[in-house]
Amino acid sequence: MRGLGDVIPVPARVRPVPAAAFTIDPGTAVRAAPGTAAVAEHLAGALRAATGHRVPVDGDGAIRLVLEDGHGAEGYSLEVRPDAVIVAAQTPAGLFAAVQTVRQLLPVAGTGDAVLPGGRIEDRPRFAYRGVMLDLARHFFTPDEVRSFIDAIVPFKINHLHLHLTDDQGWRLEIAGWPRLTEVSGGPGTGVGGTGPGFLTAAEYAELVAYAADRFVTVVPEIDMPGHVNAAQVAYPELTRDGLAVPPRHDRAVGYSSLCVDKEETYAFVEDVIREVAALTPGPYLHIGGDEADATSAEDYRAFLHRVLPLVAKYGKRAVGWHEVAAAELPVVPQFWRTAADDAGVARAVAGGGQVIMSPADRTYLDMKYDADSPLGLDWAGLLDVARAYDWDPATRLPGVGERAVLGVEAPLWSETLGSLADVQTMTFPRLPAIAEVAWSPQAVRDWASFRRRLATFGPRWTAQGIAYHRSPEVPWA
Ligand code: TNX
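Residue numbers (our numbering): 172 to 649.
Encoded structure:
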């Protein structure tokens, strides 16, 4: 049996009472509070998988879900006693976080009674935004593959999935009124190296958003501009400077394409796209990219953002952009991604009261190689082993960007070198759990020696779930 605190992310407070374990037996049931039936089903499903017992959701179960004040937006408490398990939170999202803790305390899959260790956990996230990004543009992943990715990240209390939907190589989301975006740039040969085809229809995207929402994950769609737009220009030559067709590109180069900042056609296109994406996305954020706009002059870049950021607000969304967007000095959440020790633009943005998403490439980029022998991945930000992904503090990473200025942490996974879901999983696990703990757990309770021991127990779980993972030599795998 695991210890009560042997979960990832490590909870803020754990008080084990070893004598107070609870046994899930054939009579165990879950009791939902009003408004918590969906979460109760998630919990009952996990208990069924771990025991093979019926575990109904009914009116007098010993495992009780309770809604009460005092836990914050996603916090919870979990009390395990011999006669009852009481899961309390202020919101269904908090109860769902507690369910992830319980799942990790259960055996992988089993037939027969299972034991939950006794005691009490009080837990709440350090940062509100805990994200992962998946790049569907360089290599497309199907809706089923994205759902399986969501299932794999949810246990670590990740609550945002950023989808990088467009880039120079391909355009992966159907947009009403602009059919060639996906007919042409989502067609065969549009992935890196000529792979593909693939794109999400509007209906498939909406289904993914709903699937994520059922698991308390908010989808953050990204339409990258004014650079990274070759695929859009291939589909619609009127978006180029001279209106002439450009060749499709399936290599890994970056920084060569740009929308035309002084053409009105550009803004008709951008407004249609933003309106459509906003209408399909219930979450608060819309990511407009803004990175590596090397083919756009600094003056044009600012002028572009001054036209486009207000459009995001017009359609009811909060704009996020890679941190170059901080240059515009307009309301936008910058996502810091470089490896530099400081960033004046981000510091200025937060001095005005803003918040930033932290994704320093040398700590969070899941597409970096683990070590020099990694067959997959890139290495422009250096090698990224698990300890390096774990051992940093988002609130001391950038001068002038302290605890309150950090909205959260995101781990981006770019897919230039990743041709399959197994490749995606291998780069994500086991580093994502490290970054998830950075984002959720108080700095004071985090500890590498404890983390690597807890992490080791996930090997058999991932194997049982069919999830490929990298057997990092730093981890004492079971
Ligand atoms: C930089 S990070 C990019 C992407 C690449 C990535 C590869 C960022 C905002 N832009 O276009 O895919 O490096 O690691």
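In this text, a Cβ means the ideal position worked out from N, Cα and C, and glycines have one as well.
Only a predicted model underlies this, so the values are computations on that prediction, with no experimental measurement involved.
Alpha-carbon spacing of residue i relative to residue j, whole angstroms
{"i": "ARG423", "j": "GLY341", "result": "12 Å"}
{"i": "ARG274", "j": "ASP594", "result": "25 Å"}
{"i": "LEU584", "j": "THR597", "result": "11 Å"}
{"i": "PRO359", "j": "PHE475", "result": "31 Å"}
{"i": "ASP395", "j": "GLY223", "result": "46 Å"}
{"i": "TRP563", "j": "VAL609", "result": "8 Å"}
{"i": "SER429", "j": "ALA464", "result": "7 Å"}
{"i": "ARG219", "j": "VAL417", "result": "55 Å"}
{"i": "ILE459", "j": "GLY365", "result": "26 Å"}
{"i": "LEU336", "j": "GLU345", "result": "10 Å"}
{"i": "ASP513", "j": "PHE298", "result": "21 Å"}
{"i": "VAL226", "j": "PRO505", "result": "45 Å"}
{"i": "ALA308", "j": "TYR407", "result": "17 Å"}
{"i": "GLU393", "j": "PRO368", "result": "20 Å"}
{"i": "PRO182", "j": "LEU537", "result": "24 Å"}
{"i": "GLY524", "j": "GLY579", "result": "15 Å"}
{"i": "PRO570", "j": "PRO350", "result": "45 Å"}
{"i": "THR634", "j": "ASP196", "result": "26 Å"}
{"i": "HIS494", "j": "VAL527", "result": "8 Å"}
{"i": "VAL577", "j": "ALA497", "result": "15 Å"}
{"i": "ASP339", "j": "ALA439", "result": "20 Å"}
{"i": "VAL210", "j": "PRO263", "result": "7 Å"}
{"i": "ARG559", "j": "TRP619", "result": "10 Å"}
{"i": "ASP385", "j": "ARG318", "result": "11 Å"}
Neighbourhood of residue i by C-beta, 8 Å cutoff - its chain only, sequence neighbours within 5 removed
{"i": "PRO187", "result": "GLY174, LEU175, GLY176, PRO288, GLY289, GLY290"}
{"i": "THR650", "result": "Residue 650 cannot be examined here, being either before or after the span of the chain that is shown, 172 to 649."}
{"i": "VAL380", "result": "VAL390, LEU451, THR452, PRO453, GLY454"}
{"i": "ASP294", "result": "PRO182, ALA183, ARG184, GLY246, TYR247, SER248, LEU249, ALA268, ALA269, THR272"}
Contact under 8 Å by Cβ, residue i with residue j
{"i": "MET539", "j": "GLY516", "result": "no"}
{"i": "GLY398", "j": "ALA466", "result": "yes"}
{"i": "VAL572", "j": "VAL503", "result": "no"}
{"i": "LEU606", "j": "THR535", "result": "In the sequence on display, residue 606 carries Ile and not Leu. Cβ distance < 8 Å, so ILE606 and THR535 count as in contact."}
{"i": "ARG623", "j": "LEU555", "result": "no"}
{"i": "ALA255", "j": "ALA233", "result": "yes"}
{"i": "ALA402", "j": "SER356", "result": "yes"}
{"i": "ASP231", "j": "ARG202", "result": "yes"}
{"i": "GLU581", "j": "VAL325", "result": "no"}
{"i": "GLU245", "j": "VAL228", "result": "no"}
{"i": "THR313", "j": "ILE292", "result": "no"}
{"i": "TRP508", "j": "PRO481", "result": "no"}
{"i": "GLU375", "j": "LEU592", "result": "no"}
{"i": "ASN330", "j": "VAL258", "result": "no"}
{"i": "LEU276", "j": "THR207", "result": "no"}
{"i": "ALA323", "j": "ILE638", "result": "yes"}
{"i": "PRO419", "j": "VAL405", "result": "yes"}
{"i": "ALA499", "j": "ARG473", "result": "yes"}
{"i": "ALA347", "j": "GLU447", "result": "yes"}
Own chain residues within Cβ distance below 6 Å of residue i, not counting five before or after
{"i": "LEU238", "result": "ALA204"}
{"i": "CYS431", "result": "ARG412, THR437"}
{"i": "TYR541", "result": "ASP556, HIS641"}
{"i": "TYR456", "result": "VAL391, ARG489, VAL491"}
{"i": "ASP533", "result": "THR510, ALA552, GLY553"}
{"i": "ALA383", "result": "ILE321, LEU332, VAL390"}
{"i": "LEU214", "result": "VAL201, VAL270"}
{"i": "VAL425", "result": "GLU463"}
{"i": "VAL646", "result": "ARG623, LEU626, ALA627"}
{"i": "GLY630", "result": "TRP648, ALA649"}
{"i": "SER414", "result": "Per the sequence shown, residue 414 should be read as Gly rather than Ser. Cβ neighbours of GLY414 beyond the five flanking positions: PRO408."}
{"i": "GLN614", "result": "ASP564"}
{"i": "GLU574", "result": "ALA566"}
Cβ neighbours of residue i in the same chain (closer than 7 Å, five flanking residues each side left out)
{"i": "THR194", "result": "ASP284, VAL286"}
{"i": "LEU547", "result": "THR588, LEU589, ASP594, THR597, MET598"}
{"i": "ARG252", "result": "ALA191, PHE193, GLY289"}
{"i": "PHE327", "result": "ILE179, PRO180, LEU603, PRO604, ALA607"}
{"i": "ALA543", "result": "LEU554"}
{"i": "PRO278", "result": "ALA221, ALA285"}
{"i": "ALA449", "result": "LEU457, TYR486, GLY487, LYS488"}
{"i": "ALA280", "result": "ALA220, ALA221, ALA635"}
{"i": "VAL483", "result": "ILE445, LEU457, ILE459, ALA490"}
{"i": "VAL680", "result": "A question about residue 680 goes unanswered here, because the residues of the chain that appear run from 172 up to 649."}
{"i": "ARG135", "result": "Residue 135 cannot be examined here, being either before or after the span of the chain that is shown, 172 to 649."}
*What are the complete beta strand (DSSP E) segments, minimum 3 residues, inside the stretch 430-500?*
456-460, 489-493
_Runs of 3 residues minimum, wholly inside the stretch 371-395: which ones carry the beta strand (DSSP E) assignment?_
none
*Going along the chain, which unbroken runs of the beta strand (DSSP E) with 3 or more residues stay wholly within the stretch 269-346?*
285-287, 290-294, 300-306, 331-335
*Pick out the complete alpha helix (DSSP H) segments inside the stretch 581-642, 4 residues or longer, and give them in chain order.*
592-599, 602-611, 619-627, 629-635
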